[in-house]
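Read the structure below first, then the notes.
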Amino acid sequence: MNALSIHNLCKTYSNGLEALKGIDLEVKQGDFFALLGANGAGKSTAIGIISSLVNATSGTVKIFGYDVKMQRDLAKSCLGLVPQEINFNQFDTAKNIVLNQAGYYGIPRKIALQRMEICLKQVDLWDKRDTMSRRLSGGMKRRVMIARAMVHAPKLLILDEPTAGVDIEIRRSMWEMMKEVNTQGTTIILTTHYLEEAESLCRNIAIIDSGKIIEHSDMASLLTRLHVDYFILNLVQPVLNPILNGYEVKQISSKILEIGVPKERDLNDLFTQLSAANIHVVSMKNKSNRLEQLFINLIDNKNVRES
Ligand code: ADP
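Here the sequence shown is numbered in the working numbering, starting from 280 and rising by one per residue.
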């Protein structure tokens with residue numbers, strides 16, 4: 280079953296701007312899916328239409344088989360949305376914010392109280408349930424938004440840049456939490472600017488550019504399309520611009536090199552050359568942000584095709 284099916288979705292705003300130019304997208308139940316795109320690509324417009332906040336010009340959107348236009352309430356009951364900006368009353372407590380949301384969905388008080396407890400525990404905020412949310416940290420406020428979006432137990436959760444602007448520690452703890460929510464059966468769609476985040480969390484991915492889907496595939500096969508793998512080498516002694524035949528070498532600092540290894544070459548030859556040059560390696564790691572390179576390649580290729 281598809282959690283989300285989008286067919287030929289178009290949106291032209293009243294000023295004539297074509298924000299979506301016929302997109303098709305499918306997200307399977309249980310998936311952890313990344314929707315990527317630069318600013319202005321059309322992500323928010325698509326999310327707005329999925330969550331019935333924006334009217335489509337044409338095309339269809341179904342959430343677990345329910346058409347967002349024709350079966351709006353059923354579609355909405357399957358969906359939880361975590362928007363980019365904190366949009367709750369900051370003078371209210373986390374407990375009330377979540378309970379009020381349950382009220383919007385018509386959940387009876389007794390069940391709402393149980394759901395509120397489950398959701399606040401899931402985002403690790405149960406201890407803070409009676410704290411005025413204004414006093415919570417930025418990361419905690421985002422977690423309140425997630426608990427609020429989950430109170431009606433939606434089968435699909437859309438998170439619009441949930442970790443934008445939060446520090447690395449909070450980001451990592453939110454990753455763990457999102458993984459947990461997904462493991463427990465909720466389908467997650469994530470928009471993010473952090474490609475590293477998409478790479479480490481998501482199984483499938485779509486890339487949107489200027490209102491069109493330019494890539495829609497599983498993460499693993501997308502990454503195998505990278506022709507060069509990048510490694511960071513930490514060295515024992517400082518070196519200056521070493522030449523390694525057949526490899527791209529970038530000097531990060533006197534004792535750190537970034538090496539581009541083409542797919543057809545092996546690492547043994549690299550180490551033979553390093554040894555011959557008397558360069559000793561303390562440690563080596565794969566550069567994590569491989570998706571970024573791919574993203575840049577895709578956009579560049581598209582621009583070349585169009586020019
Ligand atoms: P993203 O979320 O990927 O940054 P958006 O969906 O917000 O992209 O925007 C897609 C395009 O639509 C952009 O060019 C943006 O300026 C335009 N746009 C967004 N909202 C409106 C609106 N209400 N009226 C006119 N143009 C809009």
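No residue lacks a Cβ here, since even glycine has one placed at the ideal position from N, Cα and C.
Cβ shell of V377 (< 7 Å), same chain only, five flanking positions each side left out: As a working note, residue 377 is residue 98 in the sequence shown. Only M395, C398, L399, A426, R427 and V430 meet the Cβ criterion.
Once the 5 residues before and after D409 are set aside, which same chain residues still bring their CB inside 7 Å of it? For the purposes of this step, residue 409 is identified with residue 130 of the sequence shown, where counting begins at 1. Cβ neighbours of D409 beyond the five flanking positions: T372 and K374.
Range of the contiguous beta strand (DSSP E) that encloses E588: Residue 588 is absent from the model: the chain starts at 280 and stops at 586.
Could you check whether the segment 491-498 touches the segment 327-347, counting it as contact only if at least three pairs of C-beta atoms, one from each stretch, sit closer than 8 Å? no
Under the criterion of a Cβ to heavy atom distance below 8 Å, does Y292 qualify as lining the ligand ADP? The sequence position of residue 292 within the sequence shown is 13, counting from 1. Yes, since a heavy atom of the ligand ADP falls inside the 8 Å radius drawn around the Cβ of Y292.
I511 vs D497 beta-carbon contact at 9 Å: Position 232 of the sequence shown, counted from the first residue, corresponds to residue 511. Position 218 of the sequence shown, counted from the first residue, corresponds to residue 497. Not closer than 9 Å, so no.
Closest by CA to N287, which one among G301, G295 and E297? Stepping through the sequence shown from its first residue, residue 287 is reached at position 8. Cα-wise, what sits closest to N287 is G301.
In the DSSP assignment, find the beta strand (DSSP E) that holds A320 and state where it starts and stops. Translated into positions along the sequence shown, residue 320 becomes position 41. Note, A320: premise wrong, no beta strand (DSSP E); not H, not E.
In the DSSP assignment, find the unbroken beta strand (DSSP E) run with A282 in it and report its ends. Position 3 of the sequence shown, counted from the start, is the residue given in the question as residue 282. Taken as a continuous stretch (DSSP letters only), the beta strand (DSSP E) holding A282 covers N281 to T291.
Closest to G539 by C-alpha separation, out of K564, R414 and E297, would be which residue? Sequence index remark: in the sequence shown, residue 539 carries index 260 (1-based). It is K564 whose Cα lies nearest to the Cα of G539.
Provide the residue(s) that pair with F311 in DSSP beta bridges, ordered along the chain. Locating residue 311 in the sequence shown gives position 32, counting from the first residue. Partner(s): I467.
Between V423, M349 and N524, which has its C-alpha nearest Q369's C-alpha? One-based indexing of the sequence shown puts residue 369 at position 90. Cα-wise, what sits closest to Q369 is V423.
Which of helix, strand or coil DSSP assigns to F510: Taking the first residue of the sequence shown as position 1, residue 510 is located at position 231. DSSP places F510 in strand when its eight states are reduced to three.
For the segment 326-381, which segments carrying the beta strand (DSSP E) assignment without a break, of at least 3 residues, lie completely within its bounds, in sequence order? 337-342 and 358-361
Hey, is G321 close to the ligand ADP, as in C-beta under 8 Å from one of its heavy atoms? In the sequence shown, the residue the question calls residue 321 occupies position 42. At least one heavy atom of the ligand ADP is nearer than 8 Å to the Cβ of G321, so yes.
Please confirm if the segment 282-297 is in contact with the segment 447-457, defined as three or more CB-CB distances below 8 Å between the two stretches. no
For V447, verify whether its CB is less than 8 Å away from any heavy atom of the ligand ADP. Residue numbering aside, residue 447 sits at position 168 when the sequence shown is read from its first letter. It should be noted that the sequence gives Ile, not Val, for residue 447. Incorrect: I447 has no Cβ contact closer than 8 Å to the ligand ADP.
Could you pull the DSSP bridge partners for I538 from this structure? On the sequence shown, position 259 is the one that residue 538 refers to. According to DSSP, I538 bridges with F510 and V528.
What's the C-alpha gap between K458 and G464? On the sequence shown, residue 458 is found 179 positions in, with the first residue counted as 1. On the sequence shown, residue 464 is found 185 positions in, with the first residue counted as 1. The alpha-carbon atoms of K458 and G464 are separated by roughly 10 Å.
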